[in-house]
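Novice: Numbering of the sequence shown is given in the working numbering, commencing with residue 1 and proceeding in unit increments.
Cβ atoms here follow ideal geometry from the backbone N, Cα and C, with glycine treated the same way.
Sending over a structure as structure tokens; questions will come in a sec.
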Amino acid sequence: MPLQHQHPHDQPGGHNEHHNHTFDHAHHHHNHGKPSSQKRLLLALIITGGFGVVELVGGVMTGSLALISDAGHMFTDSAALLLALIANLIGQRPANAENSYGYARAEVIGALINSLVMIALVVWIVVEAISRLMHPQPVNGMGVMIIAVIGLLVNIISAWQLSHDHDNLNSRAAMIHVLGDLLGSVAAITAGAVIYFTGWKAIDPILSVFVSMLILRSTWNLLRQTTHVLMEGVPQQLNLEEIGNALATEKGVVQVNDLHVWNISGDKVALSAHIVIEKPETWPLQLKHINHMLGERYGIQHITLQATWFSIRPTRSIPIRRIPH
1 MPLQHQHPHD
11 QPGGHNEHHN
21 HTFDHAHHHH
31 NHGKPSSQKR
41 LLLALIITGG
51 FGVVELVGGV
61 MTGSLALISD
71 AGHMFTDSAA
81 LLLALIANLI
91 GQRPANAENS
101 YGYARAEVIG
111 ALINSLVMIA
121 LVVWIVVEAI
131 SRLMHPQPVN
141 GMGVMIIAVI
151 GLLVNIISAW
161 QLSHDHDNLN
171 SRAAMIHVLG
181 DLLGSVAAIT
191 AGAVIYFTGW
201 KAIDPILSVF
211 VSMLILRSTW
221 NLLRQTTHVL
231 MEGVPQQLNL
241 EEIGNALATE
251 KGVVQVNDLH
261 VWNISGDKVA
271 LSAHIVIEKP
281 ETWPLQLKHI
291 NHMLGERYGI
301 QHITLQATWF
311 SIRPTRSIPI
321 RRIPH
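Set out below in structure tokens:
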């Protein structure tokens, strides 16, 4: 059923007297990354970012746009790793009078800036590739191959390092990016080999555009996620209708109004709602049960519920939403 936002005075029989009593409850749970996860992410960051610099310098020296593109891809992943680490550290800072939610959204703002910078890089690579297709530039094929092969080995080491940390979402996401880097390194190796053995220089800008599309794909997804969080949209993994029905079918709950669910940061979810209940004396126990249900079933850590009830129960029933079967 669609969400219905009905208030007691809007119901049939709304002439019944009622008194509103309000409680505001907020529960905060903070989950910080394990030290081992931070160390693995830091090591992957050093390896990936360090060799990204090597590839950038090598690309300029050999004249290979494919190497420069692959370096850009590695910088994208390095930035994502760095943001994850910084967010973990900043997120540990306590909330204060000016920042009641703490500093969790530093990660989101950083990701937004990173996305815009990387889109600008993609535009530059594509424009440069078109220019090089029209006016071919000399490229050192052997130098490109050597640097790209080393880059491939570096990415394999990073993937192996991150594969040991299955439980950490940041590590798992980072591994996906590293696998994308592997494709970039293979593209650069291919470009170097073709140029070295055939002298066909056009392969370099062509494959650089291919790598830039990999950058654009991951960057676009990141940009969509960050803007969704900043717009306080419902987290993509959650269904507002389902959560509303779960609350409405809790024992003693008559009605659920003004339900809102949003991301504070990438992994911290908040919820607020107005709940009409039958008996005020049962609310403390109901609140405990609802908080447990929302945390276990939906992973919601920050919960604010406002409860109101009737002094005299209405003569006509108020519809309760149920999860459709």
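Give the DSSP-derived three-state secondary structure of His228 in the structure shown.
Specialist: His228: helix per DSSP, three-state reduction.
Novice: Can you give me the C-alpha to C-alpha distance between Leu247 and Val269, rounded to a whole angstrom?
Specialist: Cα to Cα, Leu247 sits roughly 16 Å from Val269.
Novice: What would DSSP say about Asn155, mapped onto helix, strand or coil?
Specialist: Of the three classes helix, strand and coil, the one that applies to Asn155 here is helix, per DSSP.
Novice: Identify the residues that DSSP records as bridge partners of Ala307: which are they?
Specialist: Beta-bridge pairing links Ala307 to Ile275.
Novice: Residue range of the alpha helix (DSSP H) that Trp283 falls in?
Specialist: Start and end: Trp283 to Tyr298.
Novice: To the nearest angstrom, how far is the alpha carbon of Ala26 from that of Arg224?
Specialist: With a pLDDT of only 40 at Ala26, under 50, the local geometry of the prediction cannot be trusted, and no value is derived from it.
Novice: Where does Asp70 sit, in a helix, a strand or coil, going by DSSP?
Specialist: Of the three classes helix, strand and coil, the one that applies to Asp70 here is helix, per DSSP.
Novice: Cα separation between Asn16 and Trp309?
Specialist: Any reading at Asn16 is ruled out, since the residue's pLDDT is 35, under 50, leaving its predicted position unreliable.
Novice: Ser208 and Val122 - do their beta-carbons sit closer together than 7 Å?
Specialist: Going by C-beta atoms, Val122 is not nearer than 7 Å to Ser208.
Novice: Look at the Cβ atom of Ala188, then the Cβ atom of Ile203, and state whether they are nearer than 7 Å.
Specialist: Not a contact, by the Cβ cut-off of 7 Å.
Novice: Should Val151 and Phe51 be called a contact, given that it needs their Cβ atoms to be closer than 7 Å?
Specialist: Before going further, note that residue 151 is Gly rather than Val in the sequence given. In this structure, Phe51 lies closer than 7 Å to Gly151 by Cβ.
Novice: Taking Cβ to Cβ, would you say Gln81 is nearer than 7 Å to Leu45?
Specialist: Checking the displayed sequence, the identity of residue 81 turns out to be Leu instead of Gln. In this structure, Leu45 lies closer than 7 Å to Leu81 by Cβ.
Novice: Exposed or buried, His260, counting other C-beta atoms within 10 Å across all chains shown (16 or more means buried)?
Specialist: His260 is exposed by the Cβ-count criterion.
Novice: Determine the burial state of Met134: buried for a count of at least 16 other Cβ atoms within 10 Å of its Cβ, exposed for fewer.
Specialist: Classification for Met134: exposed.
Novice: Is Asn263 near Val229, with beta carbons less than 7 Å apart?
Specialist: Yes, Cβ-Cβ distance for Asn263 and Val229 is below 7 Å.
Novice: What does a CB cutoff of less than 7 Å around Tyr298 pick up in its chain, not counting 5 residues either side in sequence?
Specialist: Closer than 7 Å at Cβ, skipping near neighbours: Leu238 and Ile243.
Novice: Does Tyr101 pass the burial test, meaning 16 or more other C-beta atoms within 10 Å, or should it be called exposed?
Specialist: When all chains shown are included, Tyr101 counts as exposed.
Novice: Please state if the CB of His274 and the CB of Gly184 are separated by a distance shorter than 7 Å.
Specialist: No, Cβ-Cβ distance for Gly184 and His274 is not below 7 Å.
Novice: Whole angstroms is fine: what's the gap from Gln96's alpha carbon to Tyr103's?
Specialist: At residue 96 the sequence reads Asn, which differs from the Gln that was named. Whole-angstrom Cα-Cα distance: 10 Å.
Novice: When burial is assigned at 16 or more other CB atoms within 10 Å of the CB, is Met231 buried or exposed?
Specialist: Classification for Met231: exposed.
Novice: Taking buried to mean at least 16 other C-beta atoms within 10 Å of its own C-beta, is Ser131 buried or exposed?
Specialist: Burial call: exposed.
Novice: Can you give the Cα-Cα distance for Val154 and His292, rounded to whole angstroms?
Specialist: Looking at the two C-alpha atoms, the distance is approximately 44 Å.
Novice: Give the straight-line distance between the Cα atoms of Trp159 and Ile146, rounded to the nearest whole angstrom.
Specialist: Looking at the sequence provided, one finds Ala at residue 159 rather than Trp. If you take the alpha carbons of Ala159 and Ile146, they lie about 20 Å apart.
Novice: Using the Cβ count rule (16 or more neighbours within 10 Å means buried), how would you classify Arg93?
Specialist: With fewer than 16 Cβ atoms within 10 Å of its Cβ, Arg93 is classed as exposed.
Novice: Go to Leu240, then tell me how far its alpha helix (DSSP H) extends in each direction, as first and last residue.
Specialist: Taken as a continuous stretch (DSSP letters only), the alpha helix (DSSP H) holding Leu240 covers Leu240 to Ala248.
Novice: My guess is that Ile119 and Leu65 are in contact by the Cβ rule of under 8 Å, so how many angstroms apart are they, rounded?
Specialist: Actually they are not in contact, since the Cβ atoms of Ile119 and Leu65 sit about 18 Å apart, beyond 8 Å.
Novice: If you reduce the DSSP assignment to three classes, tell me which class Ala193 lands in.
Specialist: Here Ala193 sits in helix by DSSP.
Novice: Mark Arg217 as exposed unless 16 or more other C-beta atoms lie within 10 angstroms of its C-beta, in which case mark it buried.
Specialist: The residue in question, Arg217, is exposed, as its Cβ has fewer than 16 Cβ neighbours within 10 Å.
Novice: Which class does Trp124 belong to by DSSP, given the choice of helix, strand or coil?
Specialist: Trp124 falls in the helix class under three-state DSSP.
Novice: Starting from Val256 and walking both ways along the beta strand (DSSP E), at which residues does that stretch end?
Specialist: Looking at the DSSP string, the run of the beta strand (DSSP E) that includes Val256 is Val253 to Asn263.
Novice: Looking only at its own chain, which residues have a Cβ that is under 7 Å from the Cβ of Ser78, when we skip the five neighbours before and after it?
Specialist: Here the set comprises Leu45, Thr48, Gly49 and Gly52.
Novice: Am I right that Ser265 and Arg105 are in contact with their C-beta atoms under 8 Å? What's the rounded C-beta distance?
Specialist: Right, the Cβ-Cβ distance comes to about 6 Å (below 8 Å), so this counts as a contact.
Novice: Kindly give me the distance between the Cβ atoms of Val334 and Ile195, rounded to whole angstroms, as I take these residues to be in contact under 8 Å.
Specialist: Because the chain in this structure spans residues 1 to 325, residue 334 falls outside the shown range and cannot be described.
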